[in-house]
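Below: the structure, in structure tokens.
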Amino acid sequence: DVKVTQSSRYLVKRTGEKVFLECVQDMDHENMFWYRQDPGLGLRLIYFSYDVKMKEKGDIPEGYSVSREKKERFSLILESASTNQTSMYLCASRKLRGGTEAFFGQGTRLTVV
Amino acid sequence: AQSVSQHNHHVILSEAASLELGCNYSYGGTVNLFWYVQYPGQHLQLLLKYFSGDPLVKGIKGFEAEFIKSKFSFNLRKPSVQWSDTAEYFCAVNTNTGNQFYFGTGTSLTVIP
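Keeping their order, the protein sequence lines are chains W and B. Here our numbering is used: the first residue of the first sequence is -4, the next is one more, and so on. Here our numbering is used: the first residue of the second sequence is 5, the next is one more, and so on.
Below, the structure written as structure tokens:
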């Protein structure tokens, strides 16, 4: 069965902390994505990666960075967390471009206080 | 950039009522279309997808969607909803030449028993 696993379901961090959100997929997918989900705004793409060490900015990359050192793992980094980064973060993966769907993790609910 | 519009933000229906959720996208080329569902507390799951062929696609749990190219639309339908269909529904688009998925803002469906 296809699986995308995010390391934490809930996180509470303080303003200014460096935060790491981890995502692992077991499907050998080339593409991986980080979205944030906010009420009324849907899913907004932060960053995506189409290969190891490759990344592209999405629609809202400010305040975030990513790392993909291994094919199965895609990390989202908040360099200095702020309260406006309180949100639900979703990781997804899919096979290389073409008509294939994305598979999502359970999400990480991050609260920055 | 592409955009995806879901015009219904909140829908409340009684059980056995028929459902239609609208989705329009802006992109002139070949697209792949998806509907995802997010049940309370769960991760996003694929309901159905369209890549090519018959524009009427059937998904899980009795859902179907029709791709109308001339209207840039991919509306989701179900003839008779159940209480268990209460969830948030997201329309998504990607192209064969691109890696990104573009999501609508979502429609929250509440089905009253």
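Using N, Cα and C, we set each Cβ at its ideal position, and we do this for glycine too. On a predicted model such as this, the values are computed, not experimentally measured, just so you know.
| Which chain W residues sit within Cβ distance under 7 angstroms of B/L50? | The residue given as residue 50 of chain B occupies position 46 in the second sequence. Near B/L50 (Cβ distances below 7 angstroms), the residues of chain W are E96.
| request: Would you mind giving the Cβ-Cβ distance between W/I41 and W/I55, rounded to the nearest angstrom? I have them listed as a contact below 8 angstroms. | output: The sequence position of residue 41 of chain W within the first sequence is 46, counting from 1. The sequence position of residue 55 of chain W within the first sequence is 60, counting from 1. A Cβ-Cβ separation of about 6 angstroms places W/I41 in contact with W/I55 under the 8 angstroms criterion.
| Just how far apart, CA to CA, sit B/A21 and B/K82? | Translated into positions along the second sequence, residue 21 of chain B becomes position 17. Translated into positions along the second sequence, residue 82 of chain B becomes position 78. When rounded, the distance between both Cα atoms is 9 angstroms.
| said: Taking only three categories from DSSP, how would you classify W/G53? | reply: The residue you call residue 53 of chain W lines up with position 58 of the first sequence. In the three-state reduction of the DSSP assignment, W/G53 falls in the coil class, being assigned neither a helical nor a strand state.
| request: Starting from the C-beta of W/F15, find all residues in its chain whose C-beta is less than 7 angstroms away, skip the five residues before and the five after it, and write them out in chain order. | output: In the first sequence, counting from the first residue as 1, residue 15 of chain W sits at position 20. When the five nearest sequence neighbours on each side are left out, the beta carbons in the same chain lying within less than 7 angstroms of the beta carbon of W/F15 are those of S70 and I72, in order along the chain.
| task | Determine the DSSP secondary structure at W/D33, reduced to helix, strand or coil. | result | Translated into positions along the first sequence, residue 33 of chain W becomes position 38. It is a strand residue.
| Short check: CB of W/K135 to CB of W/S75, under 8 angstroms? | The first residue shown for chain W is -4 and the last is 108, placing residue 135 of chain W beyond what the model contains.
| CA-CA distance, B/Y106 and B/E19? | Taking the first residue of the second sequence as position 1, residue 106 of chain B is located at position 102. Taking the first residue of the second sequence as position 1, residue 19 of chain B is located at position 15. Cα-Cα distance, rounded: 31 angstroms.
| query | Are the C-beta of B/Q86 and some C-beta of chain W separated by less than 8 angstroms? | reply | Indexing the second sequence from 1 puts residue 86 of chain B at position 82. The beta carbon of B/Q86 does not come within 8 angstroms of any beta carbon belonging to chain W, so the residue lies off that interface.
| Is any beta-carbon of chain B found at less than 8 angstroms from that of W/Q20? | One-based indexing of the first sequence puts residue 20 of chain W at position 25. No, its Cβ sits nowhere closer than 8 angstroms to a Cβ of chain B.
| task | Could you tell me whether any Cβ in chain B is nearer than 8 angstroms to the Cβ of W/Y59? | result | Taking the first residue of the first sequence as 1, we reach residue 59 of chain W at position 64. Chain B contact via Cβ: absent.
| query | What does a CB cutoff of less than 7 angstroms around W/Y5 pick up in its chain, not counting 5 residues either side in sequence? | reply | Position 10 of the first sequence holds residue 5 of chain W. For W/Y5, where only same-chain residues beyond five positions count, the Cβ hits under 7 angstroms are R104.
| message | Taking 8 angstroms as the threshold (beta carbon to beta carbon), is W/L40 in contact with chain B? | response | Taking the first residue of the first sequence as position 1, residue 40 of chain W is located at position 45. Yes, because at least one Cβ of chain B sits closer than 8 angstroms to the Cβ of W/L40.
| What span of residues does the beta strand (DSSP E) with B/V97 cover, start to end? | By one-based count along the second sequence, residue 97 of chain B stands at place 93. It spans A91 to T99 - the beta strand (DSSP E) in which B/V97 sits, taken as one unbroken run.
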